[in-house]
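A short write-up of the structure that comes next.
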Amino acid sequence: MSAADRHPIALLLRDPKEVARRCLEEEGLRPLAVGSLAALVVGAAVFGAVVGSFRGDAQILYAALKVPAAMLAAIVICIPAFHAIAATLGRAWPLRTVIALTLAAAGRASLVLLAFAPGLWLAYDLGLGYHAAALAAAAAYAVSGLAALGVLLRGLGRGPHAIRTAVAFAAVFLAAGGQTSWILRPYLVRPQTEDVPFLRAIEGSFSDAIYRSTRSSVGIYDRAQAEVRDYDVDAQARWRSAVEVPREAPRLESAPAPVEQAPLEQATWPEPPTTIGLGPLDEIPTPRTR
Amino acid sequence: MEATYDPTLAADPADAGAASGWRPAPEPAAARDVAPAPPEPAAPSSSPPAAAPEGPRIRPSWAAELLSIEGGARALGRRALVGVGLAALYGLALGAREGGAALLTHALGVPAAIVAVIGLGLPALYILLALFDAPLSVEKAMAAAARGVASAGLALAGLAPLAALYVVTSGSAEGAGVAGALGLGLGGALGLRHLVSTLRAALAQADSATRLLATGAQIGFALFALVLAWRVWGALLPVVGGAS
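Right, here's the structure in full:
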């Protein structure tokens, strides 16, 4: 095997088992950690830039900054939890080992995101719709998560509670990554959106959003969503009042004979604005923000 | 002779005499070794016995020492105190939503439930097991208690940053409460699991009838611990709906 194949980046891609061994035995951790961190920042930034390119302009920079920031923040929050969970489930590893293993897993995931970036960019450029774009990005995240899990599972080995520990790791990372991403949204923004903030105001939390989405999927709408619907109804009412022609126009003494009006039923009415759907959470308008 | 560290030994009291996690390298690797190497090809009969595959050599960590059941009353007490202190970190994370006095309220409230379960429940369990003539010494019961407190504290401290993230950034108090309660439940369950498994390991020498009775008593203890912990947390922690 050539020296290039032994480079930490190459090891991350080709030999997760060796990466896991190095992490557990604390062998060559510095180059591995530096390589993983570099892969994480570059891969996530490029992927974020591609996601931001769906809207373009400043959103490219925003998303390129926010995706790696969200991932790094999630890692910082997860590491103590990983350390504690591993220890209480039979793997009392040193903290250095946990940090290295987590960084390596995240670095591998980011390299997968980097690999997806050109294809995703091309799909966006060819006119992929908003919802399909969101799904494509989510699919890339899912695959990258599996790649990260490959490193973690090899680190956990086949000892007792390995699966339980891996599930706990995944659940903790999902919770931390979900919330940090929620705080730093939006990432994917429709092209017609005029002003894109760097950060949205805090509205609920990642878990709140999942809870509400789950309830609404079975037809139960909570107050926040009802507000959106009320707002929508109000918007239609305002629109109607703005375009409505008075049925009896005021008549002035000196005014000429009134021109015969066309019957109301024959008037051409433009279509009212369609109901605002409860699509992706980034796109939900609320009275507070708009 | 080089020693090999097996972290699973350090955390599983069922593996007798290996609480420190260290063992000599030539010892045949058990099936529970961490990340075992691929199996060796079958050696010819004329060759010497193939060396057992070795797992990665992992140095002992402070967490392994914290969860150990070795040592006297002083060492066990120190570990239990560390566990209480670590649990208080989770309380600080919960109190971060309100800040100020809530930090102290939560920092005291979270370990209070753990102390209550150990202080009220474990003596009762010991008396019950003694009635069945279960071979459980006071020292082993204390070791189980120290290990339970330490593991609950360690788990809660590990989850503290995640809890702080949710508690501080959740828009609704309900969301913050649910996030905090989930962490409390997970940390408490891990501590309870360690306590009960340590007790079970201590009772491994008993006859089957005693073990059966002891299992029933432990299940009762676990239920008591869950209800009591929830009662204490519900009463003391404002973030999960307790007194404000």
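These protein sequences, in sequence, are chains B and F.
The first sequence lines up with residues 1 to 290 when you count with the numbering used here.
The second sequence lines up with residues 1001 to 1244 when you count with the numbering used here.
The C-beta atom is built at its ideal place from N, Cα and C for all residues, glycine as well.
With respect to proline 1056 of chain F, arginine 21 of chain B sits close: the two C-beta atoms are nearer than 8 Å.
In summary, the residues of the stretch 1081 to 1115 of chain F whose CB is separated from some CB of chain B by less than 9 Å are Leu1086, in the order they occur in the chain. In the structure shown, tyrosine 124 of chain B adopts helical secondary structure according to DSSP, grouped into three states. For proline 1135 of chain F, there is no enclosing alpha helix (DSSP H), as DSSP gives it neither H nor E. Three or more Cβ pairs drawn from the stretch 47 to 58 of chain B and the stretch 110 to 118 of chain B lie within less than 8 Å of each other, which places the two stretches in contact.
When Cβ-Cβ separations below 8 Å define contact, arginine 1059 of chain F makes contact with chain B.
Chain-order list of chain F residues neighbouring arginine 200 of chain B: empty, with the shortest C-beta distance near 11 Å, by a criterion of under 7 Å. Each of F:Ser1061, F:Leu1089, F:Gly1077 was checked against the Cα of glycine 1148 of chain F, and the nearest Cα belongs to F:Gly1077. Identification of chain F residues near proline 94 of chain B by a Cβ-Cβ cut-off of 7 Å yields Arg1059, Ser1061, ordered along the chain. DSSP places proline 94 of chain B in no alpha helix (DSSP H); its state is neither H nor E. Counting C-beta atoms within 10 angstroms of its own C-beta, glutamate 1065 of chain F has 16 or more neighbours from the protein chains shown and is therefore classed as buried.
Its chain contains Glu18, Val19 as the residues whose beta carbon lies nearer than 7 Å to that of leucine 11 of chain B, once the 5 sequence neighbours on both sides are disregarded; these appear in chain order.
Those residues of the stretch 1179 to 1213 of chain F placed with their C-beta closer than 7 Å to a C-beta in chain B are Ala1179, Leu1190, His1194, ordered along the chain. Nearest in C-alpha terms to leucine 1162 of chain F, of all of B:Ala176, B:Phe169, B:His161, B:Ala162, is B:Ala176. Of F:Leu1136, F:Leu1129, F:Ala1087, the smallest CA-CA separation from alanine 1113 of chain F is found for F:Ala1087. Spatial neighbours of proline 118 of chain B in its own chain (CB-CB distance under 6 Å, excluding positions within 5 residues in sequence) are not present. Take leucine 1103 of chain F, set aside five residues on each side of it, and the residues of its chain with a beta-carbon closer than 6 Å to its own are Leu1092, Gly1095, in chain order. DSSP, read as helix, strand or coil, puts threonine 193 of chain B in coil. Taking C-beta atoms under 8 Å as the contact rule, valine 196 of chain B and arginine 55 of chain B qualify, at a distance of about 6 Å.
Using a 10 angstroms sphere on the CB of phenylalanine 173 of chain B, the tally of other CB atoms reaches 16 or more, which defines it as buried. Listed in chain order, the non-local C-beta contacts of alanine 162 of chain B below 7 Å within the same chain comprise Leu156, local neighbours out to five positions each way being set aside.
The C-beta separation of alanine 1134 of chain F from alanine 87 of chain B comes to about 29 Å, leaving the pair out of contact by the 8 Å criterion. In terms of CA proximity to aspartate 15 of chain B, B:Leu152 leads the group B:Leu152, B:Asp208, B:Gln179, B:Pro191. Contact residues of the stretch 1135 to 1146 of chain F toward chain B are absent (C-beta to C-beta distance below 9 Å). At a cut-off of 8 Å between beta-carbon atoms, alanine 1064 of chain F makes contact with chain B. Take alanine 1155 of chain F, set aside five residues on each side of it, and the residues of its chain with a beta-carbon closer than 8 Å to its own are Leu1186, Gly1187, Leu1190, Gly1191, in chain order. Comparing alpha-carbon positions, the option among B:Phe206, B:Leu101, B:Ala147 lying closest to proline 80 of chain B turns out to be B:Leu101. With contact defined as three or more Cβ pairs closer than 8 Å, the stretch 1190 to 1206 of chain F and the stretch 1126 to 1140 of chain F are in contact. One finds nothing in chain F with a Cβ atom closer than 7 Å to the Cβ of glutamate 194 of chain B; even the nearest lies about 25 Å away. Ranked by Cα distance from proline 191 of chain B, the first of B:Glu26, B:Ala140, B:Gly52, B:Ala104 is B:Gly52.
With its beta carbon less than 8 Å from one in chain F, proline 80 of chain B belongs to the interface.
Distance from the Cα of alanine 1080 of chain F is smallest, within the candidate group F:Tyr1090, F:Ala1144, F:Leu1236, for F:Ala1144. Pairing alanine 1157 of chain F with leucine 1067 of chain F gives a Cβ-Cβ distance that is not under 8 Å. In the DSSP annotation of this structure, leucine 1237 of chain F is not part of any alpha helix (DSSP H), being labelled neither H nor E. Cβ-Cβ distances below 6 Å link alanine 1141 of chain F to Tyr1126 in the same chain, with the five nearest sequence neighbours on each side left out; the list follows chain order. Comparing alpha carbon positions, the residue from B:Arg200, B:Gly178, B:Pro186 closest to isoleucine 210 of chain B is B:Gly178.
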